[in-house]
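Protein chains in written order, with this note's numbering: chain R, 6 to 503; chain U, 6 to 503; chain H, 6 to 503; chain X, 6 to 503.
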């Protein structure tokens, strides 16, 4: 790819065949492309070296580490063969056709976190969007959409691109639909179109990991109505395209000298607002352009795929939360106390119910043509399960771990010559662990349940992949209420009706 | 079977080959066997005609209706081929070897209720016990146990017997183990043994549907310790064996003239206390005799099979509950009101989570030899799920349905000439239904959530198949706490340990 | 009062002065007045002797027992001095002017239940309505209403009348207001008026204890709108007035021989539907006649007084529930087990929070003129507290008590010669109590949490005094949302606005 | 006070009379006393100027601002007259004798936060300890303890000292009592005593605001047993006494340029671990020295006073939380949406129940001699109420506010010339507020529910003033279980027993 500072050309011909599995360095290099990224009021020169954005980049780079893993089992999980050419491609770029394919996605996401220490968010959300686009394209009755989608998938495979999904509009007054707002830009919309493509304007928020994406996939945030066709738009666009600006929320950078060392590097994702200032999208990357009737199918199918992704990435996170609780109970010497045991059981039931719901969602997928969508009802229940009980679980972990997760001395105190000895003397717990081991576990638990990161994770849990009301709405739509009712009418001796 | 008033002989030779699938009448006839059954202080002459016990008998007889169904799909579900002889036998008597076999059991139990209006409790609980016995027998290292179990299974197949499971001891002071009670009989135990068999004494309570069982399967109620070998006993015995007395709790009888008619007959099961007054059990029916080391395996495996049965029979019940809520919301004209909608979604999520957990339990069974046991952890979570939220769901249904489910006039009021017209005038709801249709649905909902039966069902939900603490204990044992902990230790940079 | 079979005259002059505190027999006698009461399709001849209605009558008669108590402390609580004449009157007929007066009402209701075994529902709900009428009359700007109310209060005092409150209309399609229903009678309304009074038609449901009321107080069930003035009507009427019919739901009668004896007589209230078939109400008993603007004040003030009454009567009931849990834990020998202890603490916190909310509601009343209304916000929170957690508490009591509360043998079994000895042998628990004591406690607990009565009480808890949504609506209206918001705006540096 | 660098003399004679109400500057000056305070491994030179500790100091200084308020109503609340001399003293130093006195404490704490923006933690916790000491001293039968306590109270009054309460020991292996730990120092204990006083060793953790205290009050963390008399010790000691070291957890400092401005200054408290390295405590400041029999009374009475303080300071905090929810709902334009309204009602009920419990605790105090202790049972229920539901409320506020509280741009972005206009364009909400107003409210809400501070507050809510199990234990002790039980036994016809 010549000239990283130039917007990447969309044409596919000249691309190198052996790019299909990029190395982490190739990935990092690809992000030095003149993208316009701000943080804290300043334009970021290089998202791979910026003290905060570097963490985001390296977290995303985890995916490229896995496809180059020396462990064949790992490589086999993350690398698949192109269905036609047989060339190695990222498994994310294989559309799911069966329960087994969905199970692989679940496993990939779980293992990504377990092996790299954080979620390399990108191809997962990107293909959630991509397969929703393909599902919808099959139904729209315009062959060009399906062709474009397939051609774009080929582009992704060949260039091994990292993605982000830009869904949530800024929305303005949420009590009003797009067309009744004080200005028309609160939802991203088409402001012009010409022979080259469409021109779009608007802003998308909560775009996780956006500064590490090569391409941005844009979808409507919700079902659109008849008079909202200008808002019914879906497309892909390189992150460095003209008119695109990202404003990133600062998050934590590398581990500071005050923090206790840990077994895994710092991982974390940045949230961005992406402003589209009259951006030209070439026709070959436009997947919906006014077909409001299909906006619901697109939004719902994306939501389902993406909530399944959310269930997948939450599993290792809540397993780790459970682990903090168990380890802290042991280190405090209370792992056999009745009420502690009861709390550990509650945490385990939370974790294992989530895993069971994932299993059940996989085992009864909905087929759209040859695309397997995880069971809509169960997937939404899975997301609602983890979101609605998450704070309670955080409370239990805080309760078991003890106040020290929020009052502990820093690693600098620990290293201070005068303080080291008394701290070692006084901050011990169960004799099965050293004081330093206990402090390291306290530090991890602090991060998981008592830090800026944990507070952010609470919000992500509530709002990520749609708020709980969004899941309730889909449960309302998908539940067999009429079947329930007819059972009852029949039992009561009342003839069922429509 | 000559002389129904005589205890049934255990020998298999003289039994009729074509008995394998008994008719409902053959089943009813088999219960007229001089069994000693009391209700309300009086000896019951015939459990098939007694005004209350008749309902219990007919509910159990539902199973025999299904195996004789004229619908081939139903018959195929409930009738299987003997694995060796190919003769038709009840499918309950086929031990589960695969996920598919477990799924069949789920389906049989669900369909039993949907088709007959109530649970024909008997072969399900009986084979839960039987397969736990077989699982344990495989491990005990004494070939005679496995032979006896297989021979008894053959006996069940050939005679198409209905069963009950007698597990729960009366327990006395629950703060004390069997051997420290004020008398030794609070847990059923062996008081003697001779060449013919063992002699047992004790009492089992909460034995559902016992008066409709041909044979009783007796298992220890929990893990026994070293000094409790006399309490480590399992066996089968005909319900009319000498020394056996059943004391039954009265429950409702046939529909009274005050009750509105319904679409299904009255169904319900009776709870019995079974007293074993020095009962002789022939050796060929003894499946555990002192091997306390295996009491835990036996108790846990039975508990798991049986909680899976519980999940199976709860599904149609809670679907019907959900149906009452939907129908009442419609009939009251409030099905679109926001808070009603939210409550319906909560009910649906409860029902569908139960179904999803059943699916997940089936999909990841534990194999004991060639016997498939539903996943222990998920099955226990399924039982805990329905039991711990059941009262909340009852509250929601009561809330949606309105106070009238508890204050409605009777069918006799409805039929009274003077009252009929004003009742019809005043008790209408949504115009989609007639007043009588609404009253029939109110009557059904009354039965489901506001009656003696519904209160009993609450208690059954809490205590049936073991209380919630019993499930929590198994979740505590089965959850991967060490794996969780090691994940956390590793992330914290602390070496995992044993 | 000559001629009980005649409608009671409204004139006050000829009434005997010493009637002010009636005896239980005078009360019973007063109900033999040709009232038209149906149960199970049959006209009831005498509500004081009918096998089921007798229980309702005797429960109501409890109030008259208390005013004649030989214990001066009890008499002093229930009997007060007429504020002008000094004559003894029921304390219920003294309007509350202070926190202390409200505290007295709380105490009266609590002690009624503790001393008589059941709630003598009547004067409490009646004066809840009466003081709401007086509060509203003060605001309506028509002196005749206040005069009528005061005159009627004097009538109540002099005749020591028992009352019921008829509030809830049948409502038809709840999605539609009164005027849009398929007929105009789904809400009680004025169909005519003349020099003698108004003529009303409609039906009220869920009227607790109605067959034991001398007079019926009728209020609108909710706020009425401008076009609903015919529905904005409040009045008092004797229960035997022409055109009034009560249809009563059968409930339990006297203790049957199957039931274990108890320490207190059977108490219980009947629910009635009252049909008003063009009933003439004399002007002197009309308290609202079309003034829809005041319907909200009337409905809300009644709701608050009445929910405070509900909190008052729930306290002894939930104390008794808690007592069943404690006693059963002791009798089962598990009162020191960790999870049992935790459940008992949860039950106690439920009970004591209810009591604390009652205290707080009393301590910060709202004054309407010289009438003290319990704090609206806290009273509604109190009702919501007990209703929203009640089923959870029932579950805990069921859990602690054990399945035997639903499977126990009957008193007839216990008395059977053959069964008595084995039952005594096998059904013992902790040696601190005899088997019979344990069985009596099991029987009480059965009644409280596992019977037709307990299921009915669940529904009453949800719907009595308005459903939980009604409380949430009042909490929404009464909470200081604007104050909260202004605190936050100020803290954020944003000027508060209207 | 000459020589702030020297430990402050304990003698009272030479102290200035007009010191009784110190100015904020006098308070700040008093903290420059050579106290040994560490943060992040470095010795802090001056806790009034250190970038982080300054916030802690200024938060504590709020109390001195209030006693010097120009608003007479504020001054009257915070300043009282010395009961004997009539001199002005801090009202905290007046022991509560009545409900009204307790109400004043509630009001003082609430107003402190509302007026200064944060809790000036110090005299509240200090006098919680002081009045627990006095309560215990009255019972111990050794007049010197009461004299010392009174003399020390006089000292506090005359010098207007700020305090901290050092209660929680480091505890080591929590499964073991003090005497069985791997070393004896896991609980603070007496290592020597001589004519001057006692010598103590140990470490106390979670000591809120300690670096801003003049004196430290040390109490046992729990009931001590017979063999734990060396651990049964209570005393006061100046914070700069020889042998005392504080290790402080870094918390946030002043508002950074990235943060949006707010209406109130940054407030916050630091948590410290205090190490006592063989500290000499003069006899006149020793309030318990081995009397283990009274350790429970001391610990429980302190816990009750302090949990009442906690209830008091939580009220304005949760009101502010509620305000964020209301304001964000308005700003997002969703304040009338059904599910949002339901969530606001849930939040309001949480807040108002807390206030009602505080009212009830005040209205039924327990008298220890002439000291009024807030009702133990209700106070503990109040603490448990706010702690057990807090995370749920945080979830609701996060849910209502939207994901933007965690992804919003910084103030520096807002001030950036290129970004300002698009941010203003895109981040507007309801037209009732400007975009900047909305962003300020989002920033406040971020701080309250999505920041390091909010995560810390969750932990404080769980563990501050004792964990929820501690409250459950006291509810278990204080609830009238026997009265409940006797009610039930009586109703069942079983004689109550001991």
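Every residue gets a Cβ at the ideal spot worked out from N, C-alpha and C, and that includes glycine.
Given the structure is predicted, the values throughout are model-derived calculations rather than measurements.
Tell me, please, whether the CB atom of residue i is closer than 8 Å to any CB atom in chain U?
i: residue 431 of chain H; result: yes
i: residue 258 of chain H; result: no
i: residue 264 of chain R; result: no
Can you find a C-beta in chain H that's less than 8 Å from the C-beta of residue i?
i: residue 344 of chain R; result: yes
What is the DSSP secondary structure of residue i, reduced to helix, strand or coil?
i: residue 414 of chain H; result: coil
i: residue 220 of chain R; result: strand
i: residue 117 of chain X; result: helix
i: residue 465 of chain R; result: helix
i: residue 265 of chain X; result: coil
i: residue 443 of chain U; result: helix
i: residue 520 of chain R; result: With chain R covering 6 to 503 only, the question about residue 520 of chain R has no answer from this structure.
i: residue 323 of chain X; result: helix
i: residue 377 of chain X; result: strand
i: residue 47 of chain U; result: strand
i: residue 25 of chain H; result: coil
Please decide whether residue i counts as near chain X, where near means a Cβ-Cβ distance under 8 Å.
i: residue 158 of chain H; result: no
i: residue 347 of chain U; result: yes
For residue i, which beta-bridge partners are listed by DSSP?
i: residue 194 of chain H; result: H:206
i: residue 329 of chain R; result: DSSP output for residue 329 of chain R lists no bridge partner at all.
i: residue 276 of chain H; result: H:213
i: residue 505 of chain U; result: Outside the displayed range of chain U (6 to 503) lies residue 505 of chain U, so it cannot be described from this structure.
i: residue 350 of chain U; result: Note: residue 350 of chain U sits in no beta bridge, so no partner.
Is residue i close to chain R, meaning its C-beta is less than 8 Å from at least one C-beta of that chain?
i: residue 466 of chain U; result: no
Segment contact flag, the region 275-285 of chain H with the region 213-232 of chain H, C-beta cutoff 8 Å, min 3 pairs = yes
Check whether the region 371-379 of chain X touches the region 137-147 of chain X, counting contact only when three or more Cβ pairs, one atom from each stretch, lie closer than 8 Å.
-> yes
Quick one: any contact between the region 488-498 of chain X and the region 408-421 of chain X, if contact means 3 or more CB pairs under 8 Å?
-> no
Inside the region 90-139 of chain R only - beta strand (DSSP E) runs reaching at least 3 residues = 93-95
Kindly confirm or deny that the region 326-346 of chain X and the region 319-328 of chain U touch, where touching means at least three C-beta pairs closer than 8 Å.
-> no
Inter-stretch contact at 8 Å, needing at least 3 Cβ pairs: the region 98-117 of chain X / the region 313-320 of chain X | yes
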